[in-house]
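Peer 1:
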Amino acid sequence: MKKYVRLLPLMGLMLAGCAQSAEQQDIFTSGAVVPEVTTTSPGTNTAAAEATTPEVPLARLWRVAGHPVIYQGAMEVEVADFAAASAHLDTTLLRHNAYLTSARETTDADRHQQLLTIRVPSAQFLSLTSELARLGLVRGKELTSRDITAELAKLSRATAAADTTTQQFSAQEKQLLTEQATLATLQLTYYQLRPATELTPAADIASQLQTGLWFGWRALSMFLIAASYIWPLLLGVAVWAGYRWRRGKLALD
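According to mature numbering (1 follows the signal peptide of the UniProt record, and there is no 0), the stretch in the sequence shown is residues -21 to -1, 1 to 232, in order.
#1: Look up THR18 in the DSSP assignment and say whether it is helix, strand or coil.
#2: Between residue 233 and ARG83, is the Cβ-Cβ spacing less than 9 angstroms?
#3: Secondary structure at PRO100, three-state DSSP: helix, strand or coil?
#4: I'd like the list of long-range same chain contacts for THR168, defined as Cβ closer than 6 angstroms, with 5 residues on each side in sequence excluded.
#5: In three-state terms, what does DSSP make of VAL58?
#6: Classify ALA80: buried if its beta carbon has 16 or more other beta carbons within 10 angstroms, exposed otherwise.
#7: DSSP on ILE49, reduced to helix/strand/coil?
#8: Are the segment 57 to 68 and the segment 120 to 137 in contact at 8 angstroms, needing three or more beta carbon pairs?
#9: Taking the alpha-carbon positions, what's the PHE194 to LEU188 distance?
#10: Going by CA-CA distance only, name the one from VAL99, TYR208, LEU155 that's closest to LEU162.
#11: Does any heavy atom of the ligand ATP sit closer than 8 angstroms to the C-beta of GLN171?
#12: Would you mind sorting TYR50 into buried or exposed? The rule is 16 or more other CB atoms within 10 Å of its CB.
#13: With a threshold of 7 angstroms on Cβ separation, who are the neighbours of GLU121 within its own chain once the five nearest residues in sequence on each side are excluded?
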């Protein structure tokens, strides 16, 4: 009996320890703050930094975070193969969700040329111009941007304080500015130079002879046409000259 009495304190300590463990378990499972352990791979930060780094040169200098900006630009590119450049341009515009509003193609003795007006989402404007520069040799490039935050705020104040007519006008102007900020405009000209035609000496002489004959015929034609207009005057001069000649001959006789 004494042996069991001695074990009572030990059993009390064991029961107290079990109760404390149960209380801690209840705390963790009841929604209390449980520290989360997150693990990151060694290359995660590097990959995130590379993802935020712009691929377009000087892109950070153009961006205005959170501000509506109107982008406009003009480019002139000399290409080596006009057909290949046109095909590459089609896929490039589709990839950047861009479209054409006008296109004008011309061919003369010097070059085969295409003049395009392109509309592209403003977020894709810089990357599109950078990719179009790879079509060939860039002969000219001009890009501009205009922050319209102040203009939109001014129009908003005018819309709130003006009459109905002015409100409608301000709303239309505000919508126009917003559309221009949503879609950028790019004027693209790309062309292929045509090789100069080389003439052999015989062909050069034949060309000059043909030009001379054509010029002589044109001069004779112009003379005959002019004579047909002034033939009465020429006839009068001829009659007067014949009369003077006959009178002088009679005087000598």
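No residue lacks a Cβ here, since even glycine has one placed at the ideal position from N, Cα and C.
Peer 2: Let's see:
#1: Below a pLDDT of 50, predicted positions are generally treated as unreliable, and THR18, at 35, falls in that range; no measurement from the model is reported.
#2: Outside the displayed span of the chain (-21 to 232) sits residue 233, for which this structure offers no information.
#3: strand
#4: GLU55, LEU94
#5: coil
#6: Note that residue 80 is Thr in the sequence shown, not Ala. Under this definition THR80 is an exposed residue.
#7: strand
#8: no
#9: 10 angstroms
#10: VAL99
#11: Of the ligands one can find in the structure shown there are none, so the ligand ATP has no counterpart to examine.
#12: buried
#13: GLY52, ALA53
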